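Peer 1: Here's a structure for you.
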Amino acid sequence: MLNIGEISEQKKVNGRDFPLVVLPPNESVAANPVSMLDWFETNKSDIHSKLIEHGAVLLRGFPVESADRFEQLLDHSDYKNNPYIGGAAPRVQVTKSRVVTANEAPPSEKIPFHHEMAQTPKPPGYIFFYCDTPSKTGGATSILHSNEICQRFFELAPEFAKKIEEQGVRYIRYMPEVTDNASPIGRSWKETFNVETREECEDLLREHNMSWSWEDAGVLKTETSTLPAIRLDKETEQKTFFNSIVAVYDGWNDSRNVSTQAVVSGAGSLMDADVMEKTKQAMDELSVNFRWQKGDVLLVNNYTVLHARQPFTGQRRILASVAIKEQNE
Ligand SMILES: [Fe+2]
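All you need for the working numbering is the position in the sequence shown, starting with 1, plus 570.
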């Protein structure tokens, strides 16, 4: 039996705690990392079921004192590492294999809601966060249940929603040759695709069904194939707002990109500005912003839950790891 806790920030989605809060079952597990790893391994299938039911699980009060311990914890699960290929955000590898920094975009910027790598053909099934250093103020990792915002999207703009559901969307992005840390989407094409040359890059783009062109100053323009925007999650049988429409429409601005032109419908039309604004507001209204505590681990089902990051001050170090989902293809 898991020891279920509460936090004041949580809410109910479809009658269930969101996120579900899990506490150590006894003092030994709370104090001793070896006991914790044992406990985690013994309870991994139970924790996994809760993750699918609730969408997000917060492990609080466990002795996860470092990035390496976080990696060990994940190594005691059945989740398989998914390397960060095709994501837009600048990141740095922290541990040997599976832990990277969360998006290193400037603290003053909000990172909008998204499913991790929803714009790639094979997004990871899970994203796990670890709080190494909480920020002084702000800096919540906000979570939003995708089924809840999907329902709201269809209520707000039934016709537009239906069109987007039927046609799907494409994303267009200009990537620099050298990573630009001043931009939230400044990851270079070399890092994004983990390649050195244009030829290697083109091979991967072909593999990802993307079209491309080379622009001035080594900039690469990519356009995804048409991707579904509303997906039925087979595992939970929930319709989800599985896309990056609002995030891209609102956030893909820098010296190379114009956000309102960075996402188009399958037929090639731009998004409706009014619907985008209302959907963005609904996302903020329906989300949970919880305050990180050192050692917190947040498990997120990337197929049913979106996440965002609030602006912050002070030092903040949140680490992340993504994993593959094999049963839900
Ligand atoms: Fe993310």
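All C-beta atoms, glycine included, are put in the ideal place defined by N, C-alpha and C. Owing to the predicted nature of the structure, the values given are computational and were not obtained by experimental measurement.
Alpha carbons only, please: which of 668, 859 and 816 is nearest the one belonging to residue 740?
Peer 2: 816
Peer 1: In whole angstroms, what is the alpha-carbon distance linking residue 704 and residue 888?
Peer 2: 7 Å
Peer 1: With 16 other CB atoms within 10 Å as the buried threshold, where does residue 746 fall?
Peer 2: With 16 or more Cβ atoms within 10 Å of its Cβ, residue 746 is classed as buried.
Peer 1: Compare the C-alpha of residue 801 against each of 820, 825, 734 and 851 and name the closest.
Peer 2: Ranking 820, 825, 734 and 851 by Cα distance to residue 801 puts 734 first.
Peer 1: Rounded to the nearest angstrom, what separates residue 576 and residue 629 at their Cα positions?
Peer 2: Between the C-alpha atoms of residue 576 and residue 629 there is a straight-line separation of about 11 Å.
Peer 1: May I have a chain-ordered list of the alpha helix (DSSP H) segments no shorter than 4 residues that lie completely inside the stretch 690–766?
Peer 2: 716–726, 728–737 and 759–762
Peer 1: Residue 575 by DSSP, collapsed to three states: which one?
Peer 2: strand
Peer 1: Given that a residue counts as buried once 16 or more other Cβ atoms are within 10 Å of its Cβ, and exposed if not, what is residue 753?
Peer 2: buried
Peer 1: How should residue 784 be labelled, buried or exposed, when 16 other C-beta atoms within 10 angstroms of its C-beta is the threshold for buried?
Peer 2: It is exposed - the Cβ of residue 784 has fewer than 16 other Cβ atoms within 10 Å.
Peer 1: To which residues of the same chain is residue 706 closer than 6 Å at the C-beta, ignoring the five residues directly before and after it?
Peer 2: 883 and 884
Peer 1: Starting from the Cα of residue 612, find the closest Cα among 603, 647 and 578 and give me that residue.
Peer 2: 647
Peer 1: Out of 847, 763 and 572, state which residue places its alpha-carbon closest to the alpha-carbon of residue 592.
Peer 2: Nearest of 847, 763 and 572 to residue 592, Cα basis: 572.
Peer 1: Is residue 679 a contact residue of ligand 1, with contact defined as CB to any heavy atom under 6 Å?
Peer 2: Distances between the C-beta of residue 679 and the heavy atoms of ligand 1 are all 6 Å or more.
Peer 1: Can you tell me whether DSSP reads residue 851 as helix, strand or coil?
Peer 2: The DSSP-derived three-state label of residue 851 is helix.
Peer 1: Say yes only if the C-beta of residue 686 is nearer than 6 Å to one or more non-hydrogen atoms of ligand 1, and no if none qualify.
Peer 2: Yes, the Cβ of residue 686 comes within 6 Å of a heavy atom of ligand 1.
Peer 1: Within 10 angstroms of the Cβ of residue 580, are there 16 or more other Cβ atoms? Answer buried if so, exposed if not.
Peer 2: buried
Peer 1: So which of 853, 824 and 805 has the shortest CA-CA distance to residue 756?
Peer 2: 824
Peer 1: Between the beta-carbon of residue 604 and the beta-carbon of residue 640, is there less than 7 Å?
Peer 2: Cβ atoms of residue 604 and residue 640: not closer than 7 Å.
Peer 1: To the nearest whole angstrom, what separates the beta carbons of residue 589 and residue 868, a pair I think is in contact under 8 Å?
Peer 2: 7 Å
Peer 1: How would you write the range of the beta strand (DSSP E) that residue 862 sits in, first residue to last?
Peer 2: Segment: none, residue 862 is in no beta strand (DSSP E) and carries neither H nor E.
Peer 1: Measure the C-alpha to C-alpha separation of residue 899 and residue 715 and round it to an integer number of angstroms.
Peer 2: Annotation note: pLDDT 45 at residue 899 (below 50); position unreliable, no value reported.
Peer 1: For the alpha helix (DSSP H) that residue 609 lies in, which residues bound it at each end?
Peer 2: If you look at residue 609, you'll find it in the alpha helix (DSSP H) that goes 603–612.
Peer 1: Return helix, strand or coil for residue 661, following the three-state DSSP convention.
Peer 2: coil
Peer 1: Look at the alpha carbon of residue 653 and the alpha carbon of residue 804, and state the distance between them as a whole number of angstroms.
Peer 2: 24 Å
Peer 1: Mapping DSSP to helix, strand and coil, what is residue 586?
Peer 2: If DSSP states are grouped into helix, strand and coil, residue 586 belongs with the strands.
Peer 1: What is the DSSP secondary structure of residue 831, counted as helix, strand or coil?
Peer 2: Of the three classes helix, strand and coil, the one that applies to residue 831 here is helix, per DSSP.
Peer 1: Using the Cβ count rule (16 or more neighbours within 10 Å means buried), how would you classify residue 826?
Peer 2: buried
Peer 1: May I ask you to report which of helix, strand or coil DSSP gives residue 623?
Peer 2: helix
Peer 1: On the CB-based measure, 16 or more other CB atoms within 10 Å of its CB, does residue 644 come out buried or exposed?
Peer 2: buried
Peer 1: Hey, out of 806, 798 and 830, whose CA is closest to residue 693's CA?
Peer 2: 798
Peer 1: Taking C-alpha atoms, which residue in 858, 861, 892 and 853 lies nearest to residue 872?
Peer 2: 892
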